[in-house]
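Chemist: Submitted below is the structure of interest, expressed as structure tokens.
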Amino acid sequence: MSSAAPSPADALVTRRTVAVLGNPNVGKTTLFNRIAGIRAKTANFPGTTQEARVANIVRSNDGRRIESTLIDLPGVYSLNLDLSESRVCRGVLDGTAAPVGEATHIPDALLVVIDATNLMRNLTIVAESMDRRLPMVVAVNMIDTARRRGLDIDAARLAECLGCPVVLTSARTGEGIDALLDAVDQARIPSRSAPSDRDGIERWSQDVYLNASAPLEAAEYDTITDRLDRAFTHPILGVCSFAAVMTGLFWVIFKLAAYPMDWIDLWFGNLGAWVAGVMPAGDIRDLLVDGVIAGIGGTVIFLPQICLLFFLLALLEATGYLARAAFVIDRVLRPFGLSGHAFVPLLSSHACAIPGIMATRAIPDRRDRLAAILIAPFMSCTARIPVYVLLTTILFPGRPSMQALAFTSCYVLGAAAGLLSSLLARRTILKGKSRPMALELPSYRVPDLKSALLITYDRGMVFLKRAGTLIVAISIVLWWLGAYPKVSPTDLPTQPAMAETAEISHEPDDSALARLQSRESFLGRIGTAVQPVFEPLGYDRQLTIGVLASFAAREVFVATMAVQVAGTEDFEDETVLESIENAKRDNGEPIFTTATSWSLLVFYVLASLCLPTTVVTAKESGAWKWAALQLGWMSVVAYTGAIVVYQVMSAVGG
Amino acid sequence: MTAFDPSFRPETPDSQQPETAPVPLTQLTRGQRGRISVSGPETEDSSVLRAMGLRPDASIQMCRLGEPCIVALSGACGGGCRIGLARDIASRVMVHLDD
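What follows is the structure in structure tokens.
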């Protein structure tokens, strides 16, 4: 509760918590972002998938210093629904729930944000808030849009009806924000009361609405919105526009992200080279260069794609288009037991399953959401691309059109396996039909750039903190497994041919040592031990090590293979790629036969080779059993698929 | 400024007219208006719909037919509120047609 601090120096300081409440799509978060800006951080509610944005703001008012903690609660139509977001809001208002990092207590004031263009329905949550008998302020947001539509709202009259301060605001133009902050400082318990039963609230809200605004009973038919809606949800036109928007989105992500990704790659490469140059040779240097710097670089390199994805999705969502697209895709996903809400998460998973799984928070139904989380890693993420590039090049050398076809087939195979898995899950462990959609279609708007940038910053930081720490830890463990126990040049078998070459150059000597290291290290020994499991898939010891290393993160496959065959990690070098293609098994036969390459490609499309994804799945689904199920199921599907492909191809190929 | 009168009850144009038998929302033609009839048994879905604005006596207009159908809650909310409904849901919402 609000309290002045005990020490005399702080006597004029007031600390308090203000809960920000409102319906979805009322511009609540935009308003919050305008007040809080970059000071806001996102925090989860423990044990739920709901999140809130929290910000501390400090203001001076009449010589008083007011430190407020604003909590932007999830958007709800009513506090009294049996939905996760309503429960969270009720918990905060009851003083039984708080976002992680905040103390649990009843808020000192409520800021209820309502939509000026949709006043009557929004008054429901106002009535429910008034019932709490807490100091409150009502912000009538989007007043600019309401005025444009000829709708006038009398703030003074509304304030009189509610018995608490009312401020007309526009989060987009900034109108009324200062007045709102002043009003929040002077929030008071409403002097009037509202009914608490639903029928009573509905009658009351109609009365208040008609008293405080000039009602438009026969609202003009909104032809532009109507035409756009009909086009965007049309069975054919809607699908075409959806395909066009998504192609554009991905094109921008892949095209634009390539530049910062190259810079990051180069920068970390240079940093590694610099550290390697200034530090004396030894384990610490190797740990820093091959473990820490390579690990951080390998994480940060995905940041541009993730930021771009969230930035563009935030813009697209703010235009109002995504709600329409959800309906279009709902028709496609429904037969597989997924709802249209799953489309953004599954789409995001094509960049990276981690933000995709995080984006499933928008799916209201728990079983729909679990199904989407389980199949998200089947979507071909960008980390698979290096493997696809390597294998399609090996399979179709010098035939770019066939490479492109094989590449596309990988995406189709992944998506199909995901949809069929969802169908299977919805018939067995997640029985029940997916919840039919009822979705508010927000007005079409010009998106707010600042809000989109804040969302991007937020998501980027979440990614760096969550995946970053883990990937770095894995990289260090992998480095250690690959680097120990150390072999020395004296362990090299003395071969006359090798000795001759060594006289000309030390290079072959180094690479022979690296190959020996890769065979004799812990990782190499594990590979030798596990290889029989992958024998039916056509993988030798070196491929087995590549696959095992990929269980941490699949993008390390190409680098791991490069280390093993050439003793260098620079796989962008053409000769290194060639040396992987021409790599030999321990018995001298080529590693990458046609059957092995196809088998490997199918394995990489279908397998869940990404430890961070498994961890995020466990976190988001709330239980490790779902993560274990996902990993187990995908491994079984991938293993079976790869066996079938290898055995059939071997039989056909003779 | 006139004080707020809590007993004030606005007369809506349709409340005086004899009501026709309610029909499922899916039977409305494009552009047709109606008023939501008192809904049937309370379910989890129906309370969500009601909270979204599909409350008894709310004025509703059909904007797009099919799957999804799109309705505008015109009188209720100043013309700004559009809701997309899967056919499953729309067929369970009963509406009195306006003349």
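So the sequence lines, in the order shown, correspond to chains S and Y. Sequential numbering of the first sequence, starting at -10, is according to our numbering. Sequential numbering of the second sequence, starting at 108, is according to our numbering. Note that beta-carbon positions come from the ideal geometry of N, C-alpha and C, so glycine has one too. Just so we're clear, the structure is a prediction, and the values are computed from it rather than from any experiment.
Jot down the residue ranges of each uninterrupted alpha helix (DSSP H) in the region 391 to 474 of chain S, minimum 4 residues, whole runs only, in chain order.
Modeler: Listed in chain order, they are 438 to 452, 458 to 472.
Chemist: What are the residues in the region 148 to 168 of chain Y lying within 7 angstroms of chain S by C-beta distance?
Modeler: Here the close residues are E151, S154, V155, L156, A158, M159, G160, R162.
Chemist: My output table needs one value for M268 (chain S): the three-state DSSP class, helix, strand or coil.
Modeler: If DSSP states are grouped into helix, strand and coil, M268 (chain S) belongs with coil.
Chemist: To test your reading of the DSSP string, which unbroken beta strand (DSSP E) runs of 3 or more residues are found completely within the region 124 to 211 of chain S?
Modeler: The region 124 to 211 of chain S contains these whole beta strand (DSSP E) runs: 125 to 130, 155 to 157.
Chemist: Got a sec: is the Cβ-Cβ distance from D205 (chain Y) to anything in chain S below 8 angstroms?
Modeler: Taking Cβ atoms only, chain S never reaches closer than 8 angstroms to D205 (chain Y), which makes this a no.
Chemist: Of the residues S:W252, S:R192, S:L245, which one's Cα is nearest the Cα of P184 (chain S)?
Modeler: Measuring from the Cα of P184 (chain S), the nearest candidate turns out to be S:R192.
Chemist: Apply the 10 Å Cβ neighbour rule to R122 (chain S) and answer buried if 16 or more other Cβ atoms are within range, or exposed otherwise.
Modeler: It counts as exposed.
Chemist: Should C184 (chain Y) be flagged as near chain S, meaning a C-beta pair shorter than 8 angstroms?
Modeler: Here the model assigns C184 (chain Y) a pLDDT of 46, short of 50, so the residue's position is not dependable and the matter cannot be decided.
Chemist: Using DSSP with H/G/I as helix, E/B as strand and the rest coil, what is L156 (chain Y)?
Modeler: DSSP places L156 (chain Y) in helix when its eight states are reduced to three.
Chemist: Restricting to Cα atoms, I'd like to know which of S:N12, S:R161, S:R181 is closest to L100 (chain S).
Modeler: Residue S:N12 is the option with its Cα nearest to L100 (chain S).
Chemist: Comparing the C-beta of P175 (chain Y) with each C-beta of chain S, is any distance below 8 angstroms?
Modeler: Output row for P175 (chain Y): interface = yes.
Chemist: Given this structure, state the Cα-to-Cα distance separating S464 (chain S) from W613 (chain S), to the nearest angstrom.
Modeler: The straight-line gap from Cα to Cα measures roughly 23 angstroms.
Chemist: Apart from the five residues on each side of it in sequence, which residues of its chain come closer than 6 angstroms, Cβ to Cβ, to R655 (chain S)?
Modeler: Residue 655 (chain S) lies beyond the stretch modelled for chain S, which goes from -10 to 643, so this question has no answer here.
Chemist: Within 10 angstroms of the Cβ of A172 (chain S), are there 16 or more other Cβ atoms? Answer buried if so, exposed if not.
Modeler: Buried, because 16 or more other Cβ atoms sit within 10 Å of the Cβ of A172 (chain S).
Chemist: Under 7 angstroms Cβ-Cβ, which residues of chain S neighbour L192 (chain Y)?
Modeler: Here the neighbours are A427.
Chemist: Note down the Cα distance separating P334 (chain S) from V634 (chain S), rounded to an integer number of angstroms.
Modeler: Going from the Cα of P334 (chain S) to the Cα of V634 (chain S) covers about 30 angstroms.
Chemist: Which class does N14 (chain S) belong to by DSSP, given the choice of helix, strand or coil?
Modeler: Reduced to three states, the DSSP call for N14 (chain S) is coil.
Chemist: For a contact meaning CB atoms closer than 7 angstroms, what does E191 (chain S) contact in chain Y?
Modeler: Those within 7 angstroms of E191 (chain S) in chain Y are R162.
Chemist: Assign D251 (chain S) to buried or exposed, taking buried as 16 or more other Cβ atoms, counted over all protein chains shown, within 10 Å of its Cβ.
Modeler: By the 10 Å Cβ count, D251 (chain S) comes out exposed.
Chemist: Please report how far the alpha carbon of G556 (chain S) lies from the alpha carbon of V267 (chain S), in whole angstroms.
Modeler: With a pLDDT of 47 at G556 (chain S), under the threshold of 50, the modelled position of this residue cannot be trusted, and the question is left open.
Chemist: Identify every run of the alpha helix (DSSP H) within the region 315 to 366 of chain S, keeping only runs that are complete inside it and at least 4 residues long; order them along the chain.
Modeler: With a minimum length of 4 residues, the continuous alpha helix (DSSP H) runs that stay inside the region 315 to 366 of chain S are 332 to 338, 342 to 348, 355 to 364.
Chemist: Roughly how many angstroms separate the alpha carbons of F385 (chain S) and Q392 (chain S), rounded to a whole number?
Modeler: Cα to Cα, the separation comes out at about 6 angstroms.
Chemist: Let me confirm a value: S180 (chain S) is counted as buried when at least 16 other C-beta atoms fall within 10 Å, else exposed. Which label applies?
Modeler: The residue is exposed, with fewer than 16 neighbouring Cβ atoms inside 10 Å.
Chemist: Looking at the unbroken beta strand (DSSP E) that takes in R53 (chain S), where does it start and where does it end?
Modeler: Residues 53 to 61.
Chemist: Under the DSSP definition of a beta bridge, which residues are partnered with N50 (chain S)?
Modeler: According to DSSP, N50 (chain S) bridges with S:R53.
Chemist: Please classify D104 (chain S): is it buried, with 16 or more other beta-carbons within 10 angstroms of its beta-carbon, or exposed?
Modeler: It is buried - the Cβ of D104 (chain S) has at least 16 other Cβ atoms within 10 Å.
Chemist: Compare the Cα-Cα distances from L438 (chain S) to each of S:T19, S:P324, S:V2 and report the closest residue.
Modeler: Of S:T19, S:P324, S:V2, the residue nearest in Cα terms is S:T19.
Chemist: For I196 (chain Y), return the contacting residues in chain S, with the cut-off set at a CB-CB distance below 9 angstroms.
Modeler: Chain S residues near I196 (chain Y): P425, M426, A427.
Chemist: Does R171 (chain Y) have its Cβ less than 8 angstroms from a Cβ in chain S?
Modeler: At least one chain S Cβ lies under 8 angstroms of R171 (chain Y).
Chemist: Alpha helix (DSSP H) containing I383 (chain S): first to last residue?
Modeler: Residues 374 to 384.
Chemist: Can you tell me the Cα-Cα spacing of T85 (chain S) and T93 (chain S), whole angstroms?
Modeler: Cα to Cα, the separation comes out at about 6 angstroms.
Chemist: Can G8 (chain S) and V81 (chain S) be called in contact, C-beta distance under 8 angstroms?
Modeler: Checking the sequence, you will find Ala at residue 8 (chain S) rather than Gly. Yes, they are a contact pair.
Chemist: If we call anything under 8 angstroms between Cβ atoms a contact, is T606 (chain S) one with I273 (chain S)?
Modeler: The answer is no: Cβ separation not under 8 angstroms.
Chemist: Between the alpha carbons of T382 (chain S) and L618 (chain S), how many angstroms are there, rounded?
Modeler: Their Cα atoms are separated by approximately 33 angstroms.
Chemist: Could you have a look at D215 (chain S) and say whether DSSP puts it in helix, strand or coil?
Modeler: Three-state DSSP puts D215 (chain S) in a helix.
Chemist: Are there 16 or more other CB atoms within 10 angstroms of the CB of W587 (chain S), so buried, or fewer, so exposed?
Modeler: Classification for W587 (chain S): buried.
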